[in-house]
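Sequential numbering from 0 applies to the sequence shown in numbering that gives the first Met the number 0.
Taking it in order: structure first as structure tokens, then the write-up.
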Amino acid sequence: MEPMTIALGMIVILLALIFLRMPIALAMGGVGAAGYILLGGASSLIFYLDTAWVDKFMSYELAIVPLFILMGHIATRSGISAKLFGASNAWIGHFRGGLAMAAVAGCAMFGSISGSSLATASTMARVALPEMRKHGYSGALSAGSLAAGGTLGILIPPSVVLIIYALLTEQNIVKLFLAATIPATLAVIGFFIAIAVFVRLFPEQGPNHDPVPYRERLRAVLGIWHIVGIFVVVLGGIYGGFFTPAEGASVGVVLTLLVGVLTGGLTVRDLIGSLIDTAAASAMIFAIVFGADIFNVALALSRMPTDIAAWFAQSGLPPMTVMLAIVLFYLVMGCVMDSLSMILLTVPVFFPTVMALDFGLTPEHTALWFGIITLVVVEVGMITPPVGMNLFVISSMAKHIPLKTIFGGTIPFILSELLRIILLIAFPALSFWLVDIVAG
Numbered sequence: 000m001e002p003m004t005i006a007l008g009m010i011v012i013l014l015a016l017i018f019l020r021m022p023i024a025l026a027m028g029g030v031g032a033a034g035y036i037l038l039g040g041a042s043s044l045i046f047y048l049d050t051a052w053v054d055k056f057m058s059y060e061l062a063i064v065p066l067f068i069l070m071g072h073i074a075t076r077s078g079i080s081a082k083l084f085g086a087s088n089a090w091i092g093h094f095r096g097g098l099a100m101a102a103v104a105g106c107a108m109f110g111s112i113s114g115s116s117l118a119t120a121s122t123m124a125r126v127a128l129p130e131m132r133k134h135g136y137s138g139a140l141s142a143g144s145l146a147a148g149g150t151l152g153i154l155i156p157p158s159v160v161l162i163i164y165a166l167l168t169e170q171n172i173v174k175l176f177l178a179a180t181i182p183a184t185l186a187v188i189g190f191f192i193a194i195a196v197f198v199r200l201f202p203e204q205g206p207n208h209d210p211v212p213y214r215e216r217l218r219a220v221l222g223i224w225h226i227v228g229i230f231v232v233v234l235g236g237i238y239g240g241f242f243t244p245a246e247g248a249s250v251g252v253v254l255t256l257l258v259g260v261l262t263g264g265l266t267v268r269d270l271i272g273s274l275i276d277t278a279a280a281s282a283m284i285f286a287i288v289f290g291a292d293i294f295n296v297a298l299a300l301s302r303m304p305t306d307i308a309a310w311f312a313q314s315g316l317p318p319m320t321v322m323l324a325i326v327l328f329y330l331v332m333g334c335v336m337d338s339l340s341m342i343l344l345t346v347p348v349f350f351p352t353v354m355a356l357d358f359g360l361t362p363e364h365t366a367l368w369f370g371i372i373t374l375v376v377v378e379v380g381m382i383t384p385p386v387g388m389n390l391f392v393i394s395s396m397a398k399h400i401p402l403k404t405i406f407g408g409t410i411p412f413i414l415s416e417l418l419r420i421i422l423l424i425a426f427p428a429l430s431f432w433l434v435d436i437v438a439g
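Quick look at the structure:
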């Protein structure tokens with residue numbers, strides 16, 4: 000059997016197993032192992048597995064993941080989300096649609112110490128949904144803004160998905176974090192504009208209310224100074240070269256733990272729960288990464304990624320046409336796959352293809368640009384029916400809002416995201432200008 004035929008069969012079988020709800024780690028690992036045996040033999044697979052899992056799990060990039068996950072879980076259980084939402088609400092909550100904007104701002108700030116989309120959406124929903132319901136906000140605007148705001152958790156550094164992308168493509172984590180800063184800012188601005196336009200068209204869905212006195216606004220800001228301090232110390236230290244990303248993650252865990260203990264928001268039970276949740280999440284991610292590694296090595300043996308990249312490079316198709324086709328593929332697949340699985344499955348195939356094309360950029364700029372575009376498009380998949388994970392997180396916490404209403408509430412934010420994707424494709428410098436300024 001031809002290697003390309005085996006590779007195509009692997010992909011088809013894998014997608015079928017995913018649609019049948021088989022655990023993604025098992026599906027990728029099982030199909031990858033079968034493909035490896037067909038392409039290289041059983042003894043070759045056994046020899047590879049003998050050392051591969053040690054090499055993979057001792058990876059520096061992968062070691063950072065549990066630390067940032069632990070940092071996010073401690074922050075979640077320390078009541079930090081309530082303070083972030085309260086500070087945002089104090090300043091902009093009284094405007095029409097202001098509570099939805101405050102939820103987005105809270106998600107952005109919480110995402111800077113979480114790195115997880117699902118954790119950001121669920122944590123902020125717990126504090127923001129009751130306030131929105133109290134002030135008469137519609138279910139569509141409430142759920143839509145929280146689901147969309149939650150996606151900021153995987154875009155605003157530190158991002159677990161960006162770390163995985165760096166691992167797959169051998170890119171610099173610090174530069175990827177910097178590259179995500181401007182697109183993340185555009186996301187927040189875009190969501191604010193989407194909310195403003197929505198409440199302008201439907202003012203009854205996001206009514207205004209009395210403003211908070213300035214004294215209380217200042218008190219709310221002072222109440223989050225330590226949270227801002229964590230963000231500045233961790234990311235500022237990483238960007239400034241004072242410590243590595245792993246060291247920065249360790250510092251972030253310690254600072255978040257201290258804040259939780261000193262403010263009385265973190266109990267011993269909460270800490271134990273954070274450790275258990277971190278172990279479970281890390282085990283799941285590591286299992287998926289290892290399964291994906293077996294699958295991707297089998298694809299590499301078939302030479303499918305290399306052959307596809309060579310074909311596109313020699314096809315004469317405009318590079319932007321290829322990029323748009325990849326983005327369209329991601330948008331469609333995002334409707335039925337979770338973000339981490341999609342990154343692990345597609346990046347090893349698409350990355351060589353993109354790097355083989357001439358966009359008029361340096362190889363490093365191309366890698367950063369493609370990484371940010373991939374992250375943004377995957378982010379859209381988090382709020383795209385029918386399998387947008389954030390939609391179901393919000394649905395589980397807002398049982399009074401029909402799922403159909405939640406789906407409809409994300410439409411303004413999906414349109415905002417599509418506009419941002421167009422901007423990032425049309426102006427690649429948005430993804431690496433800050434990297435050039437800060438990192439030289």
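Positions of the beta carbon are idealized from the N, C-alpha and C atoms, including for glycine.
Quantities reported herein were computed from a predicted structural model and do not represent experimental measurements.
- In the pairwise beta carbon analysis, the region 118 to 126 is classified as not touching the region 157 to 174: fewer than three pairs are separated by under 8 Å.
- In this chain, the alpha helix (DSSP H) harbouring GLU378 covers 362 to 380.
- When the five nearest sequence neighbours on each side are left out, the beta carbons in the same chain lying within less than 8 Å of the beta carbon of MET332 are those of MET341, THR345, GLY380, in order along the chain.
- Nearest neighbour of LEU256 by Cα position, chosen from ALA299, GLU1, LEU38, MET70, turns out to be MET70.
- The distance from the Cβ of MET354 to that of LEU117 is about 31 Å, inconsistent with a contact at the 8 Å cut-off.
- Counting C-beta pairs with one atom in each stretch, the region 243 to 254 and the region 213 to 220 have fewer than three that are closer than 8 Å, which means they do not touch.
- Annotated as distal: ILE293 and MET3, with beta-carbon spacing of 8 Å or more.
- Buried is the label assigned to PHE350, since at least 16 other Cβ atoms lie within 10 Å of its Cβ.
- By the C-beta density criterion, LYS82 is buried, having at least 16 other C-beta atoms within 10 angstroms.
- Residue burial is scored here from C-beta neighbours: TYR59 has fewer than 16 other C-beta atoms within 10 angstroms and is therefore classed as exposed.
- As the crow flies, the alpha-carbon of VAL253 is around 46 Å from that of LEU200.
- Between the region 100 to 112 and the region 301 to 316, the count of Cβ pairs shorter than 8 Å is below three; the stretches do not touch.
- The residues ARG76, in chain order, have a CB closer than 7 Å to that of GLY272 in the same chain once the five nearest residues on each side in sequence are set aside.
- When only Cα atoms are considered, THR266 and GLY259 end up about 8 Å apart.
- ARG20 sits in coil when the DSSP states are folded into three classes, being neither helix nor strand.
- Contact between LEU161 and LEU374 is confirmed by a C-beta separation of about 6 Å, below the 8 Å threshold.
- With a cutoff of 8 Å on beta-carbon distance, ILE405 and ALA146 are scored as near each other.
- In the three-state scheme derived from DSSP, where H, G and I count as helix and E and B as strand, HIS225 is classed as helix.
- Look at the region 149 to 215 and you find these whole runs of alpha helix (DSSP H), each 4 residues long or longer: 159 to 168, 172 to 178, 180 to 200.
- Taking a C-beta distance under 8 Å as the contact criterion, HIS134 and LEU98 qualify as a contact pair.
- Contact check for LEU390 and THR409: beta-carbon distance about 7 Å, within the 8 Å limit, so the pair qualifies.
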